[in-house]
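Chemist:
In this note's numbering, the protein residues as written are 44 to 109.
(1) Could you work out which residue in 108, 107, 98 is closest to residue 85 when comparing CA atoms only?
(2) Hey, how far is the Cα of residue 109 from the Cα of residue 90?
(3) Below 7 Å between beta carbons: does that hold for residue 94 and residue 77?
(4) Between the C-alpha atoms of residue 65 and residue 107, what's the straight-line distance to the nearest angstrom?
Have a look at this one:
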């Protein structure tokens with residue numbers, strides 16, 4: 044997935060040109076990537092808590108997305 048994201052970024056122009064009155068400072072899309080999940084649980088901690096890093100990262104990403 045990271046390779047696909049890098050390829051998509053590489054395809055974008057370095058300095059997009061505003062078209063017909065578009066605000067160059069306006070952001071249309073923001074992509075939030077939690078960073079862990081699937082086979083990669085991230086840090087598992089000491090076992091003191093049942094929560095893993097992938098759950099914390101997902102919850103924080105969802106909160107930021109609101």
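Don't be surprised by glycine CBs; every beta carbon is placed ideally from N, CA and C.
Modeler: Taking the definition as stated:
(1) 98
(2) 30 Å
(3) no
(4) 26 Å
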